[in-house]
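Participant: Going down the list, the protein sequences come from chains A, B and C.
Going by the working numbering, the letters in the first sequence line up with residues 34 to 277, in that order.
Going by the working numbering, the letters in the second sequence line up with residues 205 to 555, in that order.
Going by the working numbering, the letters in the third sequence line up with residues 668 to 955, in that order.
Glycine residues also receive a C-beta, built at the ideal position from the N, C-alpha and C atoms.
The structure presented is a predicted model; accordingly, all values stated were derived computationally and were not measured.
Take a look at the following structure, please.
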Amino acid sequence: MTDDLILRVSGLTKRFGGVTAVNSVDIELRRGELLALLGPNGAGKSSLFNLIAGAVKPDAGTIEAFGQDVTADPAHKMCAQGLARTFQIVRPLAGLSVLDNAMVGAFAKTHSVREAQRRASTALELVGLAHLSATKAGSLTLGFRKRLEVARALATQPQLLLLDEMMAGLNPAELDKFIDVLRSVHREGVTLIVVEHVVHAVMQLATRIVVMAQGRKIADGEPRTVMASPDVVAAYLGDEYVVA
Amino acid sequence: MNPTTREAPVTEPDKVSAARAAGTALVRHRHLVLWLLSLPVLGLLVAITATSELFYGHLIVITMVFAALATAWNIVGGFAGQLSLGHAGFFGVGAYTSSILYVDHGISPWIGLFVGMVLAGLMALLIGIPTFRLHGPYFALATLAMGAILLNMAVNFRELTGGEGGLSIPFEPSWANMTFADRWPYAIIMGIFLLICLGVSFVIANTRLGYQLAAVREDEEAARALGVNSARVKLIAGTVSGLLAGGVGAIYAQYILFINPESVFGINVSIQIIVLAVVGGSGVVLGPLIGALILVPASQFLLRDFGGDLPGLHTLVYGIVVIVVVLFAPRGVHGLIRSTVERLTAHRSRR
Amino acid sequence: MTLVQVVVSGLLIGGVYALLASGITLVLGVMKVVNFAQGELLMVSMYATLLLNDGFGVHPYVALPLVTVGMFLVGLVLHGGLLRWTISGGHSQQIVLTLGVAISLQSLALLFLGGDYRTLQMEPFLGGSLQVGGISIGTTRLAAFVIAVVATGALLLLLDRTLLGKAIRATAMDSNAAQLMGIPVQRVYLVTMGIGVALAGTAGAALMPIFSVYPTVGVHLLLMGFVVVVLGGLGSVAGAFLGGLIIGVVEAVSSYLISASWSQAIVFAFFMIILLVRPQGLLRGDVA
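The following block contains the structure:
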C-alpha cells in the first residue's frame, strides 16, 4: 500500500438473507480525493458505507485503511483511527444540546473537556450552527440536523469522511451552503466519500465518481467520462440526470 | 444560547448590572457554591441528629442511605440510560460481605466496607459483561432476574448468610467496630459517603465519560460511530455504580445491625431506588438526591404516624408520586425546577 | 410421589403461568410496553374472586367471566388514563409507570384488605382429586389448566381469524405502517391493553381456588411470568403457552429433585441463560 493510498477495499461482499447487498466491490482511494458514490436506490451504497465504517461485518473481502487491515475493526475503533461517517437517516443525540453532540465527536480524539469544547465549536462554526449551540438537538429542523451530523463527524478530526445523502431534502439555499462547507472541508485536506442523489451538486465537487448497481461497481473514473458513459446514463441514472 | 448573558445594555444603572453580574457569577460557579455549602450542611445535619429525638436522627441517616443508593444507580440507570432493576444485588453484597467478615471472622467493618465495595464492583463487572449486550426491556429483565438469583442465594446458603433468619451484628460500640450507640456518627459516615457518591457522579458527568455515556443513552449506534466504545463505557459505569451501592450496603448493615435477604436483596429495594431517581430526575447529578429528600422523609413520617392503623400508606405515596411524575414531569422534579427557572429568566430578559 | 406425578402437576400449574405470561407478551408485542403491573392485576383479580365468593357466594368459576370482563374494563382505564400518555416515551418511562401502578395496587390491597394470607373456603373442591393411572390430579388444578388452554386457544383464534386480530398483528409488526393503512392504532392499543389485563383476570380467578392471596402474591408470579415470556419469545402467545408448561415442569421437577427453595434460583438462572444465549426465545411472535 503506497503512502497516499488511504483506503483499499477488495472483494468486499455482504449478503442479507438471499440478497447480496454488496457484491465483491473493489475501490481504492487516495488522500485528498473527493469520491462520489452514485447509483439507484438499493444499489448497495449505504451497505458499503456500513461495511467501511465497521458498523457491519463483511461476509468476504478485506478493508485496509490508513495502511492497515481494518476489516474486523468495530465502528468506534474506526472512528478513533480517523474515519468518520454520517447516517443517511440522521441520528442526532436528541436529548443533548447541539454543542454536546459535537463534543461527543471531539472526545474521540481528546480527553480534555476544554479541548473538546474548542474543537466542537470550530466544527459548529464551520457548518454554520454555532448560534444554535445551546439548543437541544432533538428540536432542530431537518436541514440543521444534517449540518449537525456533519459537524459531529468533523469534530472527530477525521482523515476520511463518509457522507451518506446529506443533501437530500435540503432547499436550494441550504444546498449551496452545504456545498461550500464540503468544499472547505475538502480544502483542509480531508478525504471524502459522498453518496448523493443530487448529481449536479456532486459534479461540481467530485474528483472521481464510482457508480454502483445491484451491489456491484459498474463504473469508476473521472466525473465527465463516467457521466458520459451511455451505459451509466441509460441503465442506472435515468433520463432526468442527463441534463446535469 | 442565552442572549441575556452576552449583551447587557450598557445604559443600565451600575447597581443593576453589578447585581446581574453577581447573579451570573453565581450561576456560573453554582457547582463550586454547592460543594462549599455541602460541608456546613452536613455539619448541621449531624448536629440535628445529635440533639433531636431518635426519629429525626433515623430520618436523616436513612434518607442519606437511599440518596446515596439512588445516586449510585443513576450512574448506570440515568447517565447511561440502562434501566437496572437489580441494584439491590450490589447493596446486598456489600451488606452481607462486611457483616459476614465482621460476625464470623472479627474483621473490622471498615475493612469490610472496602472489601464489600470491591466485591460488589467486581460482581457488577462480571454481570455487566453479558447483560450489557442486551437492549431495552431485555436488559431490564436480565437485571431483574439477577437480583432474584442473588436473593435466592442469600436465602439458600444458610451456613454463610443465616438464611431467611438473617444476620445479627453484635452491638459493641466503638469507632473501630463502626458501631455506635448514638446516631450522629452514622450521620457523619453516611453523609461523607453520600458526598463521595455525589462527587463521583459529578466528576463522571463533567468529563469525557459522562458525555460518552449520554451519547450511548441517546443512540448507541450513533455513539459508536462517534468513537464511543459503548461496551466499555457501560461496563465502567456499571462497575462504579455497583461499587458505590456495595459501600452503602456495608454502612447500612452497621447502622441497622440486622440484615436479612428480603431487607437488602429484595426487589422492593431495587424498585425504591429507581423510584427515587426517576422522581428526582434521572440522568442529572442532583436528581436522585432531590428524589430522596422528598420521598424518603414523606414515607417515614407516614410510616410513623399511620404505619400501625393504615399499613401500606407510606408505600402508596411512592406509587402515586411516581405515576404523577412520569405523566406530568418526565424529567423529574429537577427538570421541573430547571424549566421553571428558565421560563422565569426568559421572561425577565424579554422586558 | 413419583416423577410422573411431579411432571403432571408442573404442567398443570404451568398452564396458569402461561395465562399470566400471554397477557404480558401480548402487550409487549403490540405496544412494546413491559407491564410490570401484571402481577398486581392478577392479585386484584384473585381478591375480586375471593370477595365475590365471600360476599355474595358466587362460585369462582361463575366469577371467572365476571372478573375477566371487569379486568378488561380496568385495562381500558389503565391505558386510557395512564399508559396512553407514555406510548411515545422511552421504554424506561413505561416500565417506571407500570412499576408505579404495581406499587400503588399493592399498597391499596394492604391498606384495605390487610396483609393476611386468605384462601377460598369452598367445600366441594377442597382436597378433591381425580385418580388417573396411579396419578392424582387436583380438580382445581385441572380446571385451571383447562381454563388456560381454552383462553389461550380463544386468544390465538382471535388473533388469527378476526379483523381485530389482523389489526392487532399489523400494529405489532409496524405501528407506523399500520397507521398509514388506516388502522386506528390508538384504539388497537386500547383493546390490546384491555385483553392483556383481562387475561390477568382469567388467571387470577382460575388461581384463587388453588393459591392463597395476599398483597404481594403478584411479585413472585410476575417474575415467573417474565421468565415464561422471554422463554417463549417476546410477543408470542403460543410461545408463552409452551414456555409456561416448560417453566411449570422445571420448577416442579427441580423442587422435587433438589429442594423447593432452590427451585426458584434454578428457574431464574435458566432465565438468564435463555436471555443471553437465545434472547429471541423459542418461537417467533404471533403478534410481533
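(1) I need the DSSP call for V275 of chain A, collapsed to helix, strand or coil.
(2) Buried or exposed: V545 of chain B, going by 16 or more other Cβ atoms within 10 Å of its Cβ?
(3) Identify the contact partners of L559 of chain B in chain A, using a Cβ-Cβ distance below 7 angstroms as the criterion.
(4) Short of 8 angstroms Cβ to Cβ, which residues in the segment 345–366 of chain B face chain C?
(5) Considering only C-alpha positions, which residue in the set A:A163, A:A170, A:K90, A:N204 is nearest to R48 of chain A?
(6) Roughly how many angstroms separate the alpha carbons of A346 of chain B and G487 of chain B, rounded to a whole number?
(7) Alpha carbon to alpha carbon, how far is G677 of chain C from A299 of chain B?
(8) Chain B partners of V146 of chain A, CB-CB under 9 angstroms?
(9) Around the Cβ of F343 of chain B, are there at least 16 other Cβ atoms within 10 angstroms (buried) or fewer (exposed)?
(10) Measuring straight from C-alpha to C-alpha, what distance separates L772 of chain C and M860 of chain C?
(11) Using only the alpha-carbon positions, how far apart do I396 of chain B and V452 of chain B sit?
(12) In whole angstroms, give me the CA-to-CA distance for Y881 of chain C and R180 of chain A.
(13) Taking C-beta to C-beta, are G696 of chain C and G911 of chain C nearer than 7 angstroms?
(14) Helix, strand or coil for G737 of chain C? Go by DSSP, reduced to three states.
(15) Classify F532 of chain B as helix, strand or coil using the three-state DSSP reduction.
(16) Excluding the 5 residues flanking L132 of chain A on each side, which residues of the same chain have their C-beta closer than 8 angstroms to its C-beta?
(17) Beta-carbon separation of Q761 of chain C and V700 of chain C under 7 angstroms?
(18) Under 7 angstroms, Cβ to Cβ, is there at least one residue of chain C near L330 of chain B?
(19) According to DSSP, is T53 of chain A part of a helix, a strand, or is it coil?
(20) Could you tell me the distance, in whole angstroms, from the CA atom of V675 of chain C to the CA atom of H339 of chain B?
(21) Could you tell me which chain B residues have their CB closer than 8 angstroms to the CB of D133 of chain A, listed as they occur along the chain?
(22) Taking DSSP as the reference, what is the three-state secondary structure of S803 of chain C?
(23) Which one of B:I541, B:L246, B:I477 has the shortest CA to CA distance from G282 of chain B?
(24) Please name the residue or residues paired with D423 of chain B in a DSSP beta bridge.
(25) Taking beta-carbon pairs under 7 angstroms, can you tell me which members of the segment 463–477 of chain B lie near chain C?
(26) Name, please, each residue of chain B whose Cβ falls closer than 9 angstroms to the Cβ of V694 of chain C.
(27) Counting Cβ pairs, one atom from each stretch, are 3 or more of them under 8 angstroms apart for the segment 383–398 of chain B and the segment 97–111 of chain A?
(28) Rounded to a whole number of angstroms, what is the C-alpha to C-alpha distance between I400 of chain B and R178 of chain A?
(29) If you reduce the DSSP assignment to three classes, tell me which class A93 of chain A lands in.
(30) Using 7 angstroms as the threshold, is the C-beta distance between R436 of chain B and H144 of chain A below it?
(31) Below 9 angstroms on C-beta distance, what does Y522 of chain B contact in chain C?
(32) What's the gap between the Cα of L874 of chain C and the Cα of T443 of chain B?
(33) If we cut at 7 angstroms on Cβ distances, does R180 of chain A have a partner in chain B?
(34) If we ignore side chains and look at the alpha-carbon of each, how far apart do D827 of chain C and V934 of chain C end up?
(35) Classify I60 of chain A as helix, strand or coil using the three-state DSSP reduction.
(36) Verify the CB distance criterion: does V250 of chain B have a CB-CB separation below 7 angstroms to chain C?
Facilitator: With the structure as the only source:
(1) Here V275 of chain A scores only 44 on pLDDT, less than 50, and its place in the model is too uncertain to base an answer on.
(2) exposed
(3) What the structure shows of chain B is the stretch from 205 to 555, and residue 559 of chain B is not part of that stretch, so it cannot be assessed.
(4) L345, A346, L348, A349, M350, A352, I353, N356, M357, V359, N360
(5) A:K90
(6) 21 angstroms
(7) 36 angstroms
(8) N410, T411, R412, Y415
(9) buried
(10) 17 angstroms
(11) 11 angstroms
(12) 58 angstroms
(13) no
(14) helix
(15) helix
(16) Q150, A153, S154, L157, S166, A167
(17) yes
(18) no
(19) strand
(20) 36 angstroms
(21) Y415, A418
(22) strand
(23) B:I477
(24) Paired residue(s): none; D423 of chain B is not in a bridge.
(25) I471, I475
(26) Within chain B, no residue comes near V694 of chain C; the closest Cβ sits about 11 angstroms away, beyond 9 angstroms.
(27) no
(28) 38 angstroms
(29) strand
(30) no
(31) G767, I770, S771, S774
(32) 41 angstroms
(33) no
(34) 31 angstroms
(35) strand
(36) no
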